[in-house]
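Heads up, the thing below is written out as structure tokens.
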Amino acid sequence: MKSLILAGTALTVFAAGTTAVLAADKTAVLENYSNIAEAKYQDSLATAKDLQSAVETLLATPSADNLMAARTAWLAARVPYQQSEVFRFGNAIVDDWEGKVNAWPLDEGLIDYVSASYGGPSDENTLAALNIIANPMFELSGKTIDASTITPALLEGALHEADGIEANVATGYHAIEFLLWGQDLYGTEHGAGMRPWTDYAVGETCTNDNCDRRGDFLKAATDLLVSDLDWMAAQWAESGDARTTLLGDESAGIVAMLTGMGSLSYGEQAGERMRLGLMLNDPEEEHDCFSDNTHNSHFYDGKGVQNVYLGEYTRVTGELISGASLSDLVAAVNPDLDSEMRAKLTATMAALGALKTAGDNGFSYDQMLAQGNAKGEALIMGGINGLIDQTRSIERVVSALNLDGVAIEGSDSLDNPKAVFE
Amino acid sequence: MRAIAPALALGLSLILSPLTARADMVDDVLDQQILPGMMSLASTASQLAEVAQADCRADSPRLRQAFGATFDAWISVSHLRFGPSEADNRAFALAFWPDSRGKIPKELAKIIAEAAPSIDQPSAFASYSIAARGLYALEFLLYDPDLSTRGTPETRCRLTRAIAGDIATTAAAIQTDWQHSYAAQMRRPGDRYQTKAEVKQELFKALNTGLQITADMRLGRPLGSFDRPRPNRAEARRSGRSLHHVELSLQALQPLARALAGDNLELAARFQTAFAQTLTATARLDDPTLAGVGDPGSRFRIEALQQQVNDLRNLAATDLGPSLGVTPGFNALDGD
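Just so you know, the protein sequences line up as chains A and B, in that order.
FYI, in numbering that gives the first Met the number 0 the residues of the first sequence are 0 to 421.
FYI, in numbering that gives the first Met the number 0 the residues of the second sequence are 0 to 335.
Have a look at this one:
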């Protein structure tokens with residue numbers, strides 16, 4: 000999910016002026032952050048494995064119950080993963096990898112059948128309606144692709160981001176989501192995707208053709224998700240790359256933490272994911288648009304930001320990981336600012352909590368997006384305003400911690416704008 | 000000694016007066032750039048709405064001229080995406096771009112087909128999708144071969160007037176906020192900005208945002224990759240304004256960089272030189288829609304221009320930030 004518009008907000012650091020005591024504190028803060036990252040990716044992995052076995056059960060014994068069980072497993076898998084999104088910006092290793100697992104939004108017609116109203120190939124994407132599941136052999140950028148066997152290698156190689164188009168998503172949570180739910184054809188009315196379980200049935204019961212290939216696609220995408228998460232969890236282990244890079248330069252590490260918090264809060268979540276969808280009144284702009292799980296995705300994204308500042312995370316098992324935090328560092332230099340930051344994060348979580356509660360109680364996110372739905376707009380804007388407001392305090396934290404002077408080792412695009420064009 | 004001291008002091012004060020008399024940096028940017036820029040946006044937009052009432056034909060020279068003047072005014076302040084333009088999502092309503100999923104033509108086609116009475120109600124139209132509002136939507140109605148001829152002339156006319164009127168309302172709201180409250184908040188930090196440094200950081204971010212939009216989006220989107228250039232992604236290519244926007248944005252950012260350099264004359268001079276060179280390169284391109292991205296012979300010149308803009312960004316990051324004593328902070332372009 001790299002794009003042309005990252006960049007520009009590389010925060011900067013200087014080590015001069017920081018005391019030895021503070022440096023020791025920073026190590027503890029970074030270690031706790033890395034422990035939390037490792038736990039979140041381990042939890043994401045464990046829940047993805049649950050999803051994988053639910054998918055295997057569905058494919059072995061297709062039934063309505065088994066499709067429902069796979070959907071439930073997918074929803075559970077999103078909870079820890081969304082809380083990990085705060086690690087993306089600032090940690091190049093995560094940002095470079097993220098597009099494999101959480102690419103969005105997607106032109107789902109690339110993967111499978113879609114309704115007539117979806118339209119055909121578009122100016123931006125000639126492959127928008129390719130339907131790989133129905134086509135074992137097709138042309139892509141002048142080359143013939145043999146998709147007669149659908150494998151993880153095919154998905155991540157030839158198909159994902161095919162033709163250099165980001166909306167050609169063949170891997171990750173949202174490809175799997177589409178395969179489990181199908182298109183949400185309710186627009187801004189209540190209701191999610193209604194894919195029948197018989198889309199995975201064998202023999203004559205099979206609906207919408209090519210059930211075996213659809214099953215192969217679902218299995219390949221799920222297996223790939225598990226192996227990708229496994230890789231990322233390992234990067235945060237004791238000698239993993241993500242952890243050693245972060246601890247290699249402590250001030251830059253602290254900046255990476257804050258960059259993740261600020262970039263996710265403002266540009267990504269408040270802007271791209273929430274405000275744009277609201278202003279377009281467009282359910283296709285929903286983050287989890289097939290499953291109508293967007294209210295949860297937003298809530299747990301916000302939770303991840305708060306986790307980083309407070310240095311704590313509750314695992315899917317209920318175990319609490321907690322330790323030295325950014326909050327401690329800020330409280331030591333400016334207790335008022337620490338209170339301000341905590342209060343802002345709390346306010347955002349209250350707003351996102353209201354959104355989540357409404358969604359959990361049947362006021363679905365696509366209804367909230369509808370033109371003229373004042374209640375929905377107020378709920379979404381509440382979250383947006385909280386996120387924007389907390390970003391200002393994050394900027395103050397950067398200043399208060401004297402993080403000033405040396406360019407951050409962030410994502411490619413953060414510190415090397417050219418790289419995203421290569 | 001005593002006798003000549005006052006004379007010397009007087010002499011010095013005369014020499015120094017151009018510097019000391021110069022307004023505070025923030026006042027300077029507000030009075031010389033932001034407030035006049037917002038005034039110009041509001042007045043050109045109001046003119047546009049009037050002209051659309053008088054003549055709504057897509058090929059009307061008067062209408063196109065008024066459209067161009069408003070678009071010019073917007074691009075010249077489009078880097079100031081904070082405060083009044085962020086409130087009530089006004090900048091989104093005025094300027095939805097890039098439209099990477101092709102929502103604008105889809106939404107306009109739908110509205111023309113439905114021809115609903117609510118188009119004519121300004122308050123109802125303000126609740127429409129941003130894909131059907133603002134300058135980029137109006138460009139489609141005036142210049143796109145399909146949309147400028149779709150449906151009945153009467154429906155297109157109503158929609159043109161609705162969009163123009165909505166643009167004028169939004170521009171007026173931005174201008175009013177700046178005039179009546181926001182400029183004062185920037186001059187006297189307290190609530191929205193806690194310190195003078197936060198105000199300077201906001202302006203520094205605006206400079207970075209403008210340079211980033213020009214390098215990564217105005218130039219970067221059509222450039223795509225060498226193997227896959229994307230000329231159709233050039234901003235406002237239908238009206239032939241793509242390169243013009245690059246030029247307008249550089250012309251708006253140059254005085255901002257100069258003002259933020261303040262008393263650091265050496266840095267001010269470097270900005271002056273770098274902006275002048277970049278503007279010269281822009282003028283030499285002679286490729287209004289940036290269609291040359293697809294031709295290896297001309298592509299390299301567009302790439303070189305993009306590099307020059309990125310060099311300006313680097314100069315801001317490495318020298319201007321420290322000179323102002325502020326960090327780059329976050330902007331709306333962070334994220335995917």
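For glycine and all other residues, C-beta sits at the position ideal for the given N, C-alpha and C.
In this text, all values refer to a predicted model and were calculated from it rather than measured experimentally.
Query: Report the start-end ranges of each alpha helix (DSSP H) in the region 24-59 of chain A that is 4 residues or longer and not cut off at the edges.; Result: none
Query: What does I110(B) reach in chain A if we use C-beta pairs closer than 9 Å?; Result: Under the 9 Å cutoff, chain A gives no residues; its nearest Cβ is about 11 Å from I110(B).
Query: Within 8 Å (strictly less), CB to CB, does N88(B) reach chain A?; Result: yes
Query: Who are the near neighbours of D215(A) in its chain, counting only those whose CB is closer than 6 Å to its CB and skipping five residues on each side?; Result: I149
Query: Name the DSSP bridge partner or partners of L139(A)?; Result: K142(A)
Query: Taking C-beta to C-beta, are N372(A) and Q82(A) nearer than 8 Å?; Result: no
Query: Cβ of S278(A) less than 8 Å from any chain B Cβ?; Result: The residue asked about is misnamed: residue 278(A) is Met in this sequence, not Ser. For M278(A), the answer is yes, since a Cβ of chain B falls inside 8 Å of its Cβ.
Query: Using the Cβ count rule (16 or more neighbours within 10 Å means buried), how would you classify P327(B)?; Result: buried
Query: I want to verify the contact list: residues of chain B whose CB lies under 8 Å from the CB of F88(A), in sequence order.; Result: D333, G334
Query: Could you check whether the Cβ of Q370(A) sits closer than 8 Å to any Cβ belonging to chain B?; Result: yes
Query: Hey, L223(A) and E318(A) are a contact pair by Cβ (cut 8 Å); roughly how many whole angstroms apart?; Result: So it is not a contact: roughly 28 Å between Cβ atoms.
Query: Taking Cβ-Cβ distances below 9 Å as the criterion, which residues of the region 202-217 of chain B are in contact with chain A?; Result: K204, N207, T208, L210, Q211, I212, A214, D215, M216
Query: Determine, using beta carbons only, whether T326(B) comes closer than 8 Å to chain A.; Result: yes
Query: So, under 8 Å CB-CB, L47(B) and W177(B) are touching, yes? Tell me the CB distance rounded to an integer number of Å.; Result: Between W177(B) and L47(B) the Cβ distance is about 19 Å, and since that is not below 8 Å, they are no contact.
Query: Kindly indicate which three-state DSSP category T293(A) falls into: helix, strand or coil?; Result: helix
Query: Below 8 Å CB to CB, which residues in the same chain sit around E421(A) once its five sequence neighbours on both sides are set aside?; Result: Note on E421(A): pLDDT 28, under 50, position unreliable in the model; no value is reported.
Query: Run through the DSSP bridge pairs and tell me what L319(A) is partnered with.; Result: T313(A)
Query: Three or more C-beta pairs under 8 Å: does that hold for the region 51-62 of chain B against the region 294-309 of chain B?; Result: no
Query: Just mark F81(B) as buried or exposed, buried being the case when its beta carbon has 16 or more other beta carbons within 10 Å.; Result: buried
Query: Given this structure, state the Cα-to-Cα distance separating P321(B) from A90(B), to the nearest angstrom.; Result: 30 Å
Query: Thinking C-alpha only, which one of R194(A), V304(A), N90(A), I320(A) is nearest T347(A)?; Result: V304(A)
Query: Helix, strand or coil: which one does DSSP assign to A315(B)?; Result: helix
Query: Could you tell me whether any Cβ in chain B is nearer than 8 Å to the Cβ of E123(A)?; Result: yes
Query: Is V397(A) close to chain B, meaning its C-beta is less than 8 Å from at least one C-beta of that chain?; Result: yes
Query: Does any residue of chain B bring its CB to less than 8 Å from the CB of R274(A)?; Result: yes
Query: Indicate whether at least one CB of chain B lies closer than 8 Å to the CB of T150(A).; Result: no
Query: Return the chain-ordered list of same chain residues with a C-beta closer than 7 Å to the C-beta of A163(B), the five sequence neighbours on each side being excluded.; Result: L47, A48, A51, L137
Query: With 8 Å as the threshold, decide whether the Cβ of R227(B) is near any Cβ in chain A.; Result: yes
Query: At 8 Å on the CB atoms, spell out the chain B contacts of L402(A), in chain order.; Result: T326
Query: What did DSSP end up calling S392(A) once you bin it into helix, strand or coil?; Result: helix
Query: Closer than 7 Å between beta carbons: that is the criterion. Which residues of the region 115-134 of chain B meet it against chain A?; Result: S126, Y127, S128, I129, A130
Query: Report the residue from Y135(B), R61(B), P104(B), F70(B) whose alpha carbon sits nearest the alpha carbon of S121(A).; Result: P104(B)
Query: Rounded to a whole number of angstroms, what is the C-alpha to C-alpha distance between F274(B) and H78(B)?; Result: 16 Å
Query: Report the three-state DSSP secondary structure of G293(B) (helix, strand or coil).; Result: helix
Query: Whole angstroms is fine: what's the gap from W73(B)'s alpha carbon to G133(B)'s?; Result: 11 Å
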